[in-house]
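Engineer: Line order of the protein sequences matches chains E and R. To get our numbering, take the position in the first sequence, counting from 1, and add 19. To get our numbering, take the position in the second sequence, counting from 1, and add 19. One structure, pasted below without further comment.
Protein chains: 2
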Amino acid sequence: MPSAKRAATHRAPRKPVARSPRRDVGRPRGEPVTEAVLDRTLEELASVGPAQLSVERIARAAEVNKTSIYRRWPTREALVAAALERVLTHLSLAQKDTGSLRGDLLFLGESVAGFLDQPAGQALMRAVFMEAVAPSIAALARRQLEERAGSPAVAMVLRARARGEWRDDADPKVVLSMLVGALLHRVALERQRPTRAWLGGVVAVLLRGVT
Amino acid sequence: MPSAKRAATHRAPRKPVARSPRRDVGRPRGEPVTEAVLDRTLEELASVGPAQLSVERIARAAEVNKTSIYRRWPTREALVAAALERVLTHLSLAQKDTGSLRGDLLFLGESVAGFLDQPAGQALMRAVFMEAVAPSIAALARRQLEERAGSPAVAMVLRARARGEWRDDADPKVVLSMLVGALLHRVALERQRPTRAWLGGVVAVLLRGVT
Chain E
20 MPSAKRAATH
30 RAPRKPVARS
40 PRRDVGRPRG
50 EPVTEAVLDR
60 TLEELASVGP
70 AQLSVERIAR
80 AAEVNKTSIY
90 RRWPTREALV
100 AAALERVLTH
110 LSLAQKDTGS
120 LRGDLLFLGE
130 SVAGFLDQPA
140 GQALMRAVFM
150 EAVAPSIAAL
160 ARRQLEERAG
170 SPAVAMVLRA
180 RARGEWRDDA
190 DPKVVLSMLV
200 GALLHRVALE
210 RQRPTRAWLG
220 GVVAVLLRGV
230 T
Chain R
20 MPSAKRAATH
30 RAPRKPVARS
40 PRRDVGRPRG
50 EPVTEAVLDR
60 TLEELASVGP
70 AQLSVERIAR
80 AAEVNKTSIY
90 RRWPTREALV
100 AAALERVLTH
110 LSLAQKDTGS
120 LRGDLLFLGE
130 SVAGFLDQPA
140 GQALMRAVFM
150 EAVAPSIAAL
160 ARRQLEERAG
170 SPAVAMVLRA
180 RARGEWRDDA
190 DPKVVLSMLV
200 GALLHRVALE
210 RQRPTRAWLG
220 GVVAVLLRGV
230 T
């Protein structure tokens with residue numbers, strides 16, 4: 020990312036930042052103010068959820084004027100959409116060919132576990148589970164999650180099929196929902212870390228189930 | 020339930036109901052007012068979640084005075100606890116010996132799916148996923164869910180072991196989290212009904228995985 024260096028300073032500004040007169044709508048990424056606002060939006064989503072999200076509180080935490088938030092993201096939905104968009108960068112690492120279905124499943128499981136452990140993942144989960152309160156945000160979160168988790172999973176299954184490790188009648192989407200669902204259950208309901216041993220147990224059942 | 024008849028009329032009272040002077044703390048179940056308040060509390064939990072739950076709105080919906088709610092349940096936590104307690108009756112049907120592990124898994128899956136389809140189930144899920152906002156309520160919801168779903172699952176596994184349908188190295192808790200987790204994923208993330216065919220796919224993978 021070319022913006023990594025500038026992003027690292029995004030907590031610095033103490034006052035509302037004076038904007039240059041040129042339009043910057045076309046390149047929102049990489050600007051310290053933008054990143055600070057979106058990071059604070061994710062944290063706000065993760066802690067209070069979409070229903071109680073306050074632009075005022077986000078502006079205060081990011082140390083910018085509320086008006087400079089509304090100038091870029093005219094609605095709350097637009098702001099949340101941009102913040103969730105950022106979440107995707109955290110999920111994209113889940114693509115890797117380890118050479119075996121077991122390795123690929125473990126890698127995918129660890130990626131999702133790591134994601135759920137971050138504010139970004141928690142923000143996405145809360146957005147999804149508060150469907151009734153903020154349906155448009157929930158729909159957006161769901162779509163983004165499906166797009167991101169879906170394609171590495173499809174690639175994994177194609178590789179497994181080519182190696183003869185995947186029986187024809189096992190539905191890839193069902194298997195993915197069992198893996199991700201077990202992680203959700205572990206993290207949100209059992210409130211326990213998905214350890215390597217635990218994940219190994221899940222993957223062992225899945226492997227016998229699909230091979 | 021001895022109160023079924025009276026419960027059916029719980030929407031009727033148009034005015035705050037005059038309470039008799041005797042204490043009725045010891046038998047809250049079966050009283051129309053109590054049931055109306057707890058049902059409205061569950062609906063409120065299901066629609067807005069624990070953070071935005073309003074006793075005022077619950078009182079209005081149940082057509083009682085706010086004071087008569089606070090008389091029985093002095094705190095918001097106590098009210099939510101009582102409402103979640105009621106949820107358990109919906110989950111308790113998940114105990115049945117169908118004679119085979121496949122049948123038991125399908126039955127358990129269908130019970131959980133039916134539960135997640137009700138306001139009670141949605142209330143419980145929201146309470147769990149809004150951990151950061153209402154930690155005491157989330158902890159309560161989690162404990163109740165674990166107690167309820169846990170014991171039928173243990174019984175199911177013991178039966179399966181006795182029939183030689185369960186391998187020693189398959190952890191019952193892991194398998195349960197895969198089944199319930201897949202259902203959560205299907206309902207909350209994919210926003211699709213867990214059809215019999217879909218559930219059959221999940222159970223087929225689990226069966227091969229644990230037998």
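Don't be surprised by glycine CBs; every beta carbon is placed ideally from N, CA and C.
If you count every other CB in all the chains shown that lies within 10 Å of the CB of S196/R, and 16 or more means buried, which is it?
Structural biologist: buried
Engineer: Is it buried or exposed for A216/E, if we count other Cβ within 10 angstroms and need 16 for buried?
Structural biologist: Exposed is the call here.
Engineer: Is E184/R near L225/R, with beta carbons less than 8 Å apart?
Structural biologist: no
Engineer: Using the Cα positions of P213/R and K85/E, report the straight-line distance between them to the nearest angstrom.
Structural biologist: 43 Å
Engineer: Which residues in the same chain as A81/E place their Cβ atom closer than 7 Å to its Cβ, once the five residues preceding and following it in sequence are excluded?
Structural biologist: A55, V56, R59
Engineer: Which residues, in chain order, does the stretch 70–104 of chain R contribute to contact with chain E at a C-beta distance below 8 Å?
Structural biologist: A70, Q71
Engineer: Taking the Cβ atom as the reference point for each residue, do L125/E and L202/E lie within a distance shorter than 8 Å?
Structural biologist: no
Engineer: Would you decide whether L72/R is buried or exposed? Buried here means 16 or more other CB atoms lie within 10 Å of its CB.
Structural biologist: Buried.
Engineer: Contact criterion: CB-CB distance below 8 Å. Does V176/R meet it with respect to chain E?
Structural biologist: no
Engineer: Can you list, in chain order, the residues of its chain with a C-beta nearer than 8 Å to that of Q163/E? Leave out the 5 residues immediately preceding and following it.
Structural biologist: L103, E104, V106, L107, L143
Engineer: Could you give the C-beta distance for L240/R and R145/R, rounded to a whole number, given that I count them as a contact under 8 Å?
Structural biologist: Only positions 20 to 230 of chain R appear in the structure, and residue 240/R is not among them; the question remains open.
Engineer: For G128/E, which of helix, strand or coil comes out of DSSP?
Structural biologist: helix
Engineer: Quick check on V173/R - is its C-beta less than 8 Å from some C-beta in chain E?
Structural biologist: no
Engineer: Taking the Cβ atom as the reference point for each residue, do G140/R and F134/R lie within a distance shorter than 8 Å?
Structural biologist: In contact: G140/R and F134/R (Cβ atoms closer than 8 Å).
Engineer: If I measure Cβ to Cβ from G128/R and keep anything under 8 Å in the same chain, skipping five residues before and after, which residues do I get?
Structural biologist: L198, L202, P213, L218, V221, V222
Engineer: Closer than 9 Å, Cβ to Cβ, to anything on chain R: give me those residues from the stretch 197–209 of chain E, in chain order.
Structural biologist: M197, L198, V199, G200, A201, L202, L203, H204, R205, A207, L208, E209
Engineer: Classify T60/R as helix, strand or coil using the three-state DSSP reduction.
Structural biologist: It is helical.
Engineer: Would you mind reading off the limits of the alpha helix (DSSP H) that contains G183/E?
Structural biologist: No alpha helix (DSSP H) contains G183/E, which DSSP labels as neither H nor E.
Engineer: Over what stretch of residues does the alpha helix (DSSP H) that includes T86/E continue unbroken?
Structural biologist: 85–91
Engineer: So, R186/R versus V229/R, is the Cβ gap smaller than 8 Å?
Structural biologist: yes
Engineer: Helix, strand or coil: how does DSSP classify Q163/E here?
Structural biologist: helix
Engineer: Any beta carbon from chain R within less than 8 Å of V44/E's own beta carbon?
Structural biologist: Confidence is the limiting factor: at V44/E the pLDDT is only 45, short of 50, which leaves the residue's position unreliable and the question unanswerable from this model.
Engineer: Can you tell me the Cα-Cα spacing of A70/R and R79/R, whole angstroms?
Structural biologist: 18 Å
Engineer: Is it true that the CB of S155/E sits closer than 8 Å to the CB of E96/E?
Structural biologist: yes
Engineer: Pick out whichever of D190/E, D188/E, K192/E, R205/E has its Cα sitting closest to the Cα of V193/R.
Structural biologist: R205/E
Engineer: Using a Cβ-Cβ distance cut-off of 8 Å, determine whether V231/E contacts chain R.
Structural biologist: In the structure displayed, chain E extends from 20 to 230; residue 231/E sits before or after that span and is not available.
Engineer: Which runs of the alpha helix (DSSP H), 4 residues or longer, sit entirely within the stretch 186–225 of chain E?
Structural biologist: 191–203
Engineer: Please confirm if W185/R has its CB atom under 8 Å from at least one CB of chain E.
Structural biologist: no
Engineer: Checking contacts by CB at 8 Å: is R162/E closer than that to chain R?
Structural biologist: no
Engineer: By the three-class DSSP mapping on this structure, what secondary structure does Q141/R have?
Structural biologist: helix
Engineer: Can a CB atom of chain R be found closer than 8 Å to the CB of D136/E?
Structural biologist: Not one chain R Cβ lies under 8 Å of D136/E.
Engineer: Under 8 Å, Cβ to Cβ, is there at least one residue of chain R near G220/E?
Structural biologist: Chain R, which has a Cβ nearer than 8 Å to the Cβ of G220/E, makes this yes.
Engineer: Looking at chain E, is there any beta carbon in it that lies within less than 8 Å of the beta carbon of V131/R?
Structural biologist: no
Engineer: Residues of chain E with a CB under 7 Å from the CB of R227/R: which are they?
Structural biologist: R227, G228
Engineer: Leaving out five residues before and five after K115/E in sequence, what residues of the same chain have Cβ atoms less than 6 Å from its Cβ?
Structural biologist: F126
Engineer: In three-state terms, what does DSSP make of G133/E?
Structural biologist: DSSP places G133/E in the helix class (H, G or I) of the three-state scheme.
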